[in-house]
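Below is one structure, written out as structure tokens, with a few remarks after it.
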Amino acid sequence: MFKLLIALSALVVISSAYGPAVRATKGQVWPKPQQEEKTSDYFIVRPHTFSFQGPADIGCPSLLDDAFTRYWSIIATSASLERRGRLAEMGKKHTKFWQLDESFLGNLESLKVEVSDECTDDALPDFGDNENYTLTVNADGATLSAQTIWGALRGLETFSQLIYLEQDALVINATTITDFPRFSFRGLHLDTSRHFLPVYIILQTLDGMAYNKFNVFHWHLTDDQSFPYKSRVYPELSEKGAYHPVSKVFEPSDVARVIEYARVRGIRVIPEFDTPGHTSSWGAAHPELLTTCYSNNQPNGYLGPMDPSKDTTYDFINNLFTEVVGVFPDSYFHIGGDEVDFSCWQSNPDITTFMSDNNISSYEGLENYFIQHVVDLLDKLNSKYLVWEEVFVNGVTLPNTTLVHVWRGGGFDTLRDVTKAGKYGVFSSCWYLDHLSSGGDWQKFYECEPLNFDGTDEQKKLVLGGAACMWTESVNEYNVMPRVWPRACATAEKLWSAESVNDFGAAQPRLEEHACRMNMRGIAAQPPNGPGVCL
């Protein structure tokens, strides 16, 4: 009698030359749930008879129904692989494996979804949202329960991953899961300035994020090389600062589409307009915003960071950021502050005079002056903010609501100092996706523990999470997806799963399955573990 074994019992990593380097699991969830019990009992899932059942009186029916449609389509795609397998078997006589199996529970007809909190169809994911859920699949059927719509979305993703292809049928084992994220900030940073990335790539990125339970899309919109954001207030910024004023810009409708696409997947979109450095592209239309650099007491033809000595600089930023805060509904705004080159400020006699007149004794103090003005205008707009770690390290006065984004080498020491000062930290030092090594280099991402610093329990509570960062100096639309995935999956599991989930060897077969799962869903994830095949 055929006995369908649960996938976990069949996991083996093989080292022989024949066959895949790592054998994929079946029906294992990524990121790993906090608590999971699975048995060998199982259902068959037939998409043409399966349905999702939501609460009749839910306040956000469209939000939930859209999710049902997405996940039904994912299951149906899996079923198309099942049909392909059946066609390959045409003409062969075989018994369907479940017909003689005592572990077979029948066909799973539906998943009942319960959401206890009130919600609306225009609800926005926000910092600190409850994303907990419980999922039960047993002889009585399948039920997903969550307090919020965002928890329900995470549970639907888990449910979809429990379903796997076994011979000529889709199977789901009897399973009980209680799950919640370890960290509330689970981000993916994407630079669309060094190389312009079209909207379809951003939407694919958001799909990949949803499949890995990321909840923050950090959109690095502008940098020295280009200004692709099309501003309503200052359209000349992209007309002159983008790589192309028409084909390489994000129209207001593009931005709105990205925000909405992310929202219905429970993903926040936090824009970054880096200042006062990384702003050369601003100067294509408005060179007066930038500092004139000098050599031998004469302008040398170069422009540096924004000029902090001019009131007109802050007026311009105020007008632009007022627009941006109105466009992006998230409560946070990333104002940058990294890698400010002080040499141009040092060379400029007007800057020197300004510093003397305002009792500013250091260039760190001058940066403090600039950032404080930007912070003050965001306060007036009721917006909170993130800054790169240099802003904190250089002694800029920051309110405790600020999120300090730690990214450089030595990040654990910086995170210790940030939290010791009572500030919130977001960690990225270990998770720079543009740093590429040969082969399956995701191990270094997976083995990075964000709380691996010497600090009190209270300090570690101030670490809200982290973000994998994809800078695009050497990446464009044709290679960005395999560069991000599945390497960012390692970060996703570190930020969602329990701290004790840290065994790289145990993770390899699950990520092998998950990378193939993402391929099946249209995400061009590269192989994580060497030679193998997706079945």
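First residue of the sequence shown? That's 1 in full-length UniProt numbering, and the numbers climb one at a time after it.
A virtual CB, placed ideally from N, CA and C, is assigned to each residue, including glycine.
Keep in mind the model is a prediction, meaning the values are calculated, not measured.
*Starting from Tyr369, follow the alpha helix (DSSP H) in both directions and report where the run begins and ends.*
Translated into positions along the sequence shown, residue 369 becomes position 369. Counting along the chain, the alpha helix (DSSP H) containing Tyr369 begins and ends at 363 to 380.
*How big is the Cα-Cα spacing for Tyr18 and Asn529?*
For the purposes of this step, residue 18 is taken as the residue at position 18 of the sequence shown. For the purposes of this step, residue 529 is taken as the residue at position 529 of the sequence shown. Cα to Cα, Tyr18 sits roughly 15 Å from Asn529.
*Count the other C-beta atoms from every protein chain shown that fall within 10 angstroms of the C-beta of Glu367, then say buried if there are 16 or more, exposed otherwise.*
The residue labelled residue 367 in the question sits at position 367 within the sequence shown. Glu367 comes out buried.
*Rounded to a whole number of angstroms, what is the C-alpha to C-alpha distance between Ala152 and Gly337?*
Numbered from its first residue, the sequence shown carries residue 152 at position 152. Numbered from its first residue, the sequence shown carries residue 337 at position 337. Near 36 Å, if we compare the C-alpha coordinates of Gly337 and Ala152.
*What separation, rounded to the nearest whole angstrom, lies between the Cα atoms of Trp496 and Asp101?*
Indexing the sequence shown from 1 puts residue 496 at position 496. Indexing the sequence shown from 1 puts residue 101 at position 101. The straight-line gap from Cα to Cα measures roughly 36 Å.
_In whole angstroms, give me the CA-to-CA distance for Pro20 and Pro198._
The residue you call residue 20 lines up with position 20 of the sequence shown. The residue you call residue 198 lines up with position 198 of the sequence shown. Cα to Cα, the separation comes out at about 35 Å.
*Under the DSSP definition of a beta bridge, which residues are partnered with Glu114?*
For this step, residue 114 is matched to residue 114 along the sequence shown. Beta-bridge pairing by DSSP links Glu114 to Ser145.
*asked:* Any contact between the stretch 50 to 67 and the stretch 229 to 239? By contact I mean 3 or more CB pairs, one from each, below 8 Å.
replied: no
_Contiguous beta strand (DSSP E) assignments of at least 3 residues, all confined to the stretch 171 to 249_ = 185 to 191, 216 to 222
*Shortest alpha-carbon distance to Pro482 belongs to which of Gly522, Val501, Pro450, Cys448?*
As a position in the sequence shown, residue 482 is number 482, starting the count at 1. Taking only the C-alpha atoms, the option nearest Pro482 is Gly522.
*Output the boundary residues of the alpha helix (DSSP H) element that contains Trp388.*
As a first step, residue 388 is located in the sequence shown; it is residue number 388 there, counting from the start. Counting along the chain, Trp388 falls outside any alpha helix (DSSP H), though it belongs to the beta strand (DSSP E) covering 384 to 388.
*Determine, using beta-carbon pairs with one atom in the stretch 143 to 152 and one in the stretch 100 to 116, whether at least three such pairs fall under 8 Å.*
yes
*Between Ile6 and the rest of its own chain, which residues show a CB-CB distance below 7 Å, the 5 nearest in sequence each way excluded?*
On the sequence shown, position 6 is the one that residue 6 refers to. The pLDDT assigned to Ile6 is 44, lower than 50, so where the model puts this residue is not dependable, and the model offers no usable value.
*asked:* Just to confirm the assignment, what range does the beta strand (DSSP E) spanning Ala468 have?
replied: As a working note, residue 468 is residue 468 in the sequence shown. 463 to 470 is the extent of the beta strand (DSSP E) around Ala468.
_Using 8 Å as the cut-off, can you tell me whether the stretch 175 to 185 makes contact with the stretch 65 to 84, which would need three or more C-beta pairs spanning the two stretches below that distance?_
Too few Cβ pairs lie closer than 8 Å, so no.
*Under 8 Å Cβ to Cβ from Ile267, same chain only, skipping five residues before and after it: list those, please.*
For the purposes of this step, residue 267 is taken as residue 267 along the sequence shown, with counting starting at 1. Pro125, Leu206, Met209, Ala210, Phe214, Asn215, Val216, Phe217.
*Neighbour-count burial assignment, Gly128, 16 or more Cβ in a 10 Å radius*: Sequence index remark: in the sequence shown, residue 128 carries index 128 (1-based). Classification for Gly128: exposed.
*Note down the Cα distance separating Asp122 from Asn359, rounded to an integer number of angstroms.*
By 1-based counting over the sequence shown, the position of residue 122 is 122. By 1-based counting over the sequence shown, the position of residue 359 is 359. Asp122 and Asn359: Cα-Cα distance of roughly 49 Å.
*So which of Gly27, Asp503, Gly59, Gly304 has the shortest CA-CA distance to Glu118?*
For the purposes of this step, residue 118 is identified with residue 118 of the sequence shown, where counting begins at 1. Among Gly27, Asp503, Gly59, Gly304, the Cα nearest to that of Glu118 is on Gly59.
*asked:* Tell me the rounded alpha-carbon separation between Asn502 and Trp431.
replied: As a first step, residue 502 must be located in the sequence shown, where it is residue number 502. As a first step, residue 431 must be located in the sequence shown, where it is residue number 431. Their Cα atoms are separated by approximately 16 Å.
*Leu386 and Leu403 look like a contact to me (Cβ under 8 Å); what is the Cβ gap, rounded to whole Å?*
For the purposes of this step, residue 386 is taken as residue 386 along the sequence shown, with counting starting at 1. For the purposes of this step, residue 403 is taken as residue 403 along the sequence shown, with counting starting at 1. Confirmed, about 4 Å.
*Nearest to Lys380 (by Cα), restricted to the options Asn318, Asp350, Lys444*: What you label residue 380 is simply residue 380 of the sequence shown in a count that begins at 1. Checking every option, the nearest Cα to that of Lys380 belongs to Asn318.
_Nearest neighbour of Asn296, chosen from Trp219, Cys344, Glu260, Trp30 [CA to CA]_ = Counting from one through the sequence shown, the residue named residue 296 turns up at place 296. That would be Cys344, whose Cα lies nearest to the Cα of Asn296.
*Going by C-alpha distance, which of Gly505, Leu436, His195 is nearest residue 568?*
This structure gives no information on residue 568, because the portion of the chain shown stretches from 1 to 535.
*Would you mind stating whether Ser309 and Ile351 have Cβ atoms separated by less than 8 Å?*
For the purposes of this step, residue 309 is taken as the residue at position 309 of the sequence shown. For the purposes of this step, residue 351 is taken as the residue at position 351 of the sequence shown. Going by C-beta atoms, Ser309 is nearer than 8 Å to Ile351.
*Should Leu535 be labelled buried (16 or more other beta-carbon atoms within 10 Å of its own) or exposed?*
Position 535 of the sequence shown holds residue 535. So Leu535 counts as exposed.
*asked:* Let me make sure I understand the geometry here. Which of Val45, Glu477, Phe159 has the alpha-carbon closest to that of Gln28?
replied: As a first step, residue 28 is located in the sequence shown; it is residue number 28 there, counting from the start. If we check each option's Cα against that of Gln28, Phe159 comes out closest.
_Any beta carbon from chain D within less than 8 Å of Tyr478's own beta carbon?_
The structure shown has no chain D; it contains just one protein chain.
*From the DSSP output, read off the bridge partner residues of Gly336.*
Here the question's residue 336 lines up with position 336 in the sequence shown. In DSSP, Gly336 forms a bridge with Thr275.
*Just to confirm, are His286 and Phe250 a CB contact at a threshold of 8 Å?*
Mapped onto the sequence shown, residue 286 falls at position 286. Mapped onto the sequence shown, residue 250 falls at position 250. It is not a contact, given that the beta carbons lie outside the stated cut-off.
*Which of helix, strand or coil does DSSP assign to Ala421?*
To locate residue 421, count along the sequence shown from 1; it is residue 421. Residue state, collapsed to three classes: coil.
*Where does Val246 land, buried or exposed, given buried means 16+ other C-beta within 10 angstroms?*
As a first step, residue 246 must be located in the sequence shown, where it is residue number 246. Label assigned to Val246: exposed.
*So, helix, strand or coil for Ile523, using DSSP?*
Within the sequence shown, residue 523 is the residue found at index 523, counting from 1. Note: Ile523 maps to coil in three-state DSSP.
*Mark Gly466 as exposed unless 16 or more other C-beta atoms lie within 10 angstroms of its C-beta, in which case mark it buried.*
Position 466 of the sequence shown, counted from the first residue, corresponds to residue 466. Classification of Gly466: buried, given that the 10 Å Cβ count is 16 or more.
*Which two residues bound the contiguous beta strand (DSSP E) that contains Ser343?*
To locate residue 343, count along the sequence shown from 1; it is residue 343. Premise fails: Ser343 lies in the alpha helix (DSSP H), 342 to 347, not in any beta strand (DSSP E).
*asked:* Which residue wins for smallest C-alpha separation from Pro228, given the options Cys516, Glu272, Gln443, Ala262?
replied: Within the sequence shown, numbered from 1, the residue matching residue 228 stands at position 228. Of Cys516, Glu272, Gln443, Ala262, the residue nearest in Cα terms is Glu272.
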